[in-house]
Structures are given as C-alpha cells and as structure tokens.
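Mapped onto our numbering, the consecutive letters of the sequence shown carry residue numbers 2 to 456.
Here a beta-carbon is modelled for each residue, glycine too, at the ideal position from N, C-alpha and C.
Data block below; observations after.
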Amino acid sequence: MNTRTRFALILVVYSLTLLTLFGAGVYLFQNNFAYVDFYKRLETRATISARYNLKLDSLNSESYRTIREKHLERLDQEREYLIPVSNDVLASRLADSLMIPETLITQILAKGRATAREGATFYAGIREQVGRQRYVVVVSANNYYINNHLNFLRNILGVGILLSSVIVIYLSVYFSRHVFEPIRQITNKVRQISTENIHLRLEENEYRNEVGELSSTFNHLLNRIETALEVQKNFISNASHELATPLTAIIGEADVTLIRERTPAEYQQTLRTILTQAERLNDITRSLLSLAQLGFKNEKLVFEIVRMDELIWEAKTIIDKLNPQNNIRVDLGFLPDDPRRLKVNGNRQLLQLALVNLLSNACKYSYNKPVSVHIAAGTGQVVIAIIDQGVGIPDEEIRFIYDPFFRASNTKLFEGYGIGLPLARNIIVLHQGTLNVTSKVDTGTTVQIRLPSII
Numbered sequence: 002m003n004t005r006t007r008f009a010l011i012l013v014v015y016s017l018t019l020l021t022l023f024g025a026g027v028y029l030f031q032n033n034f035a036y037v038d039f040y041k042r043l044e045t046r047a048t049i050s051a052r053y054n055l056k057l058d059s060l061n062s063e064s065y066r067t068i069r070e071k072h073l074e075r076l077d078q079e080r081e082y083l084i085p086v087s088n089d090v091l092a093s094r095l096a097d098s099l100m101i102p103e104t105l106i107t108q109i110l111a112k113g114r115a116t117a118r119e120g121a122t123f124y125a126g127i128r129e130q131v132g133r134q135r136y137v138v139v140v141s142a143n144n145y146y147i148n149n150h151l152n153f154l155r156n157i158l159g160v161g162i163l164l165s166s167v168i169v170i171y172l173s174v175y176f177s178r179h180v181f182e183p184i185r186q187i188t189n190k191v192r193q194i195s196t197e198n199i200h201l202r203l204e205e206n207e208y209r210n211e212v213g214e215l216s217s218t219f220n221h222l223l224n225r226i227e228t229a230l231e232v233q234k235n236f237i238s239n240a241s242h243e244l245a246t247p248l249t250a251i252i253g254e255a256d257v258t259l260i261r262e263r264t265p266a267e268y269q270q271t272l273r274t275i276l277t278q279a280e281r282l283n284d285i286t287r288s289l290l291s292l293a294q295l296g297f298k299n300e301k302l303v304f305e306i307v308r309m310d311e312l313i314w315e316a317k318t319i320i321d322k323l324n325p326q327n328n329i330r331v332d333l334g335f336l337p338d339d340p341r342r343l344k345v346n347g348n349r350q351l352l353q354l355a356l357v358n359l360l361s362n363a364c365k366y367s368y369n370k371p372v373s374v375h376i377a378a379g380t381g382q383v384v385i386a387i388i389d390q391g392v393g394i395p396d397e398e399i400r401f402i403y404d405p406f407f408r409a410s411n412t413k414l415f416e417g418y419g420i421g422l423p424l425a426r427n428i429i430v431l432h433q434g435t436l437n438v439t440s441k442v443d444t445g446t447t448v449q450i451r452l453p454s455i456i
C-alpha cells in the first residue's frame, strides 16, 4: 500500500469514526432528554389536575382547569387518576384495580412523588392531602416523541452518516491525490536527472510550503553533487596531466638516448634529466598519498599541546632555508596576555606542514613581496592570518582552489602541482578548524585559519 492510499484510508477511518461518535452522542442525549422532559410534562399535568379536582386553591381552581383544557395539548393516550387512599388499603390492590404499576403507588406514598414506565406508557404522580384524606394523583400517556421523533432522528442520523461517508471517501481520495501530486511531480522530475544532465533543477517557486522546502533542499544537494562531479573530473584531468608530464619526459629522454651510442657526458645528462623528472613524479605521488591519508580520520595520529606562535616561527625557519629571498613578517601586536590561549591540541608535524605550504605559496605567488603573518586569540580559538601582495585568484575560479591539482589561470608562470592548499585545508579540518581564503586579482590573497584552543 503506497503512502497516498494509506493517507486516504486514515482520513476515511478517522472521519467516519468521528461522525459515528457524534451521531451516537446526539441520539443518546436526545433520547435521555426526551425521557426527562416527558416525565416533567406528566408531573406538571398531575399538579394542575390536583389543583382543580381537589379544590386545593378554591379561588383559582377554574383557572387551572381553563389552562389545562385550552393551553396544554392532549398527550397520546393521556389518562388521569385521582385515587383516594386510606390506611387500610394496600398499594397492590389499588394498582391492580386501576391497572397501573404497584411500585409507582408505593413510591408516591413513601416519597410524595414518583415516575414509572410500563411498556410504551409513562406514569407520573404526586401525593396530596385534603384535611385528613390523602389522595394520589397520577397522569399517564404514551411518549409520542420517543416513539416517533427519536425514530425519525435515528433515521436522519443514519442517512446523514451514510451520505457523509460517501462524501468523506471522495474528499479523502481527492485531497490525498492533491496533497501528494507535487511530490509525485518532484519524483518524476528527479527521475529525469542523471550524470548527463545534472545541471537540471526542480522548480522552487512553484510551491511555497514544505514541498517547496523539499525542492530547495534537493536543489542544494544537486549543487553539491554537481560540484563533487566537477571536482572529480578536474582531479582526473589535472592528475593525469601532472603524472603524464614527467613520465612523458622520462620515456622521451630514454627513447632519444637509445637511438644511437652516446658519450658518457651525454648519458650523464640524460640520467640527470630522468632523475629530475622522477623526483618530480615522486613529489606528486607523495603529495597525493598525503592528501589521500588525510581524507580519513587517522586514529594513529599523535596529538599534543602545541603553541601556534612557536609553530609559526618554526615554519618561517623552514621557509628561510628553502627560499632565502622571502620577505615574511610576523606581527606580534595581537598576542594575548595569557600565552595559554595560543595553545591547541594537534599534531605538530601536520600543522607545521600546513603552515609551510601556506607561507610558501604566499611568497611564491607574490614574487617574494612582503607577507604579513598575524596571530591572535579569540573566544575559544586561535586565529592566524597570512596576507600577501601577490597575483591573487580570479573570482570565478576561487571556488575550485581546494580541488587537487587545480591551479588558477594566472599562475602558469609559477611552478607547482596544486596540492599544497588542499593538503593544508585537510590538515586544518582534521583539527576541527576552518581555513578561509579571500583574494583579489593583482592585489593579494588573505588566508585565515581558525583552530579551537584548549581554553
């Protein structure tokens, strides 16, 4: 059973249950009210009958009679009983002689008033006393309302519930289709989307409700999937190019050398070329291995308490050896008073590798112009900013900077593989931190690192 059918069935069951309970409640209430009201009518007639028959109010007796005859309608099978009672007369004898319930006479004599029912006939009576003589006044009648009106009400409710059931079933099926129609349309549209046309998107403005939110959420998912596919395609393309270049150079150099006999000096030059290209291939392979390993949470990594200001100086020392012409300037103006706020829980070697890669890029792409490094402590985090004055990154390409092997279109004159920044970002993410890059062409790039501190 699909969701649409189940939804319609639930609506039908709940609606019919409520209708049935409502109809039964109305009927039972009216049935109970009919008994109480009819007994009150009989008792009122018994009181009026006693007034004018027993002359209890001599001045108004005729008025009571007039009211009784002109204004009180005659009930079905209505009868009046005016029964004188003496102490030596048994209630059973009176009941048998008048053919009325014995319990009625007994309760009237004991309590002063009572009601009873025998078949379709209802009784109400009161006890009165004139001088020393006691009387029992009883009025009986058939309850026409119960016998006819309640039957009519029961039929009306039954027919009403039956018709309502038909309407409820129709509306339930209609609304279930109406409610699930947008979802069905979304399902059909989603089935049309594949890797060949993943640029297609669902209409978000068509539904301004939960269905619209579902469409929007699915579109965001498609955006992430499309980006992932582009990253994968770029990675394969760039990795193939980067790996093929040194391999092509090695093979070509070996083929050319083997065409004819060479002098020892030529063989040495060929081996140097092959060694250079092999070292380049080794660097690319090692970078890829490091990047792949950081894609998983490595439980073997050793974490310790590390001061980030010390790591910055260590990274600068390494850059000084690799690139003596660098112009890195460390700004200590934002250091906190408490040095413990600069401590993080991390792996020293990995964090040092990330800083070296970022500082090396800043120096390389700025032609060794001044590179500013700022370190500060925020609320529960250490903040590091690396600002260069380099070539920058085009706005339309900045979203690809974390793709392995991607290099901006204005960096073709610089050596590199496009792995340093993705590797640094993975290291920072591994330490529950964030790495954000902002850049402007021909102005420079700012890299901001945020790592959680131990206090």
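- Secondary structure of Pro-453 (DSSP, three-state): strand.
- If you check the CB distance, Asn-346 and Ile-455 come in under 8 Å.
- Between His-375 and Asp-332 the beta-carbon gap is near 5 Å, inside 8 Å, which marks them as a contact.
- The way I'd put it, the region 148 to 163 doesn't touch the region 171 to 189; fewer than three beta-carbon pairs between them come closer than 8 Å.
- Non-local C-beta neighbours of Gln-353 in its own chain, meaning closer than 7 Å and more than five positions away in sequence, comprise Leu-312, Glu-315 and Ala-316, ordered along the chain.
- Note on geometry: alpha-carbon atoms of Glu-227 and Ile-420 lie some 21 Å from one another.
- The residue among Ile-101, Gly-334, Ser-16 and Asn-152 with its C-alpha nearest the C-alpha of Gln-31 is Asn-152.
- Here Asn-144 has Phe-39 and Phe-123 as same chain residues with Cβ atoms under 6 Å from its own Cβ, once five neighbours each way along the sequence are excluded.
- In this structure, Gly-393 places its C-beta atom within 8 Å of the C-beta atom of Val-442.
- DSSP places Asn-346 inside the beta strand (DSSP E), whose first and last residues are 344 to 347.
- With a contact defined as Cβ atoms closer than 8 Å, Ala-363 and Ile-387 qualify at about 5 Å.
- Taken through DSSP and simplified to helix, strand or coil, Asp-404 comes out as coil.
- Distance from the CA of Arg-263 to the CA of Thr-274, rounded to the nearest whole angstrom, comes to 15 Å.
- With a 10 Å radius around the Cβ and a threshold of 16 neighbouring Cβ atoms, Gly-445 comes out buried.
- Of the other Cβ atoms in all chains shown, 16 or more fall within 10 Å of the Cβ of Ile-428; this residue is therefore buried.
- Listed in chain order, the non-local C-beta contacts of Pro-371 below 7 Å within the same chain comprise Asn-328, Arg-330 and Gln-390, local neighbours out to five positions each way being set aside.
- Ile-399 and Gln-449 have their C-alpha atoms some 15 Å from each other.
- Under the three-state reduction of DSSP, Phe-123 is assigned to strand.
- Straight through space, the alpha carbons of Gln-269 and Leu-276 are spaced by roughly 10 Å.
- Excluding the 5 residues flanking it on each side, Leu-201 has same chain C-beta neighbours closer than 6 Å at Ile-194, in chain order.
- Approximately 11 Å separates the beta-carbon atoms of Thr-196 and Leu-223; this is outside 8 Å, ruling out the contact.
- Exclusion of the five residues before and after Val-212 leaves Pro-183, Ile-184 and Ile-187 as the residues of its chain whose Cβ lies within less than 8 Å of its Cβ.
- Note on Gln-130: under 16 other CB atoms within 10 angstroms of its CB, so exposed under the neighbour-count rule.
- By the neighbour-count criterion, in which 16 or more other beta carbons inside 10 Å mark a residue as buried, Lys-112 falls on the exposed side.
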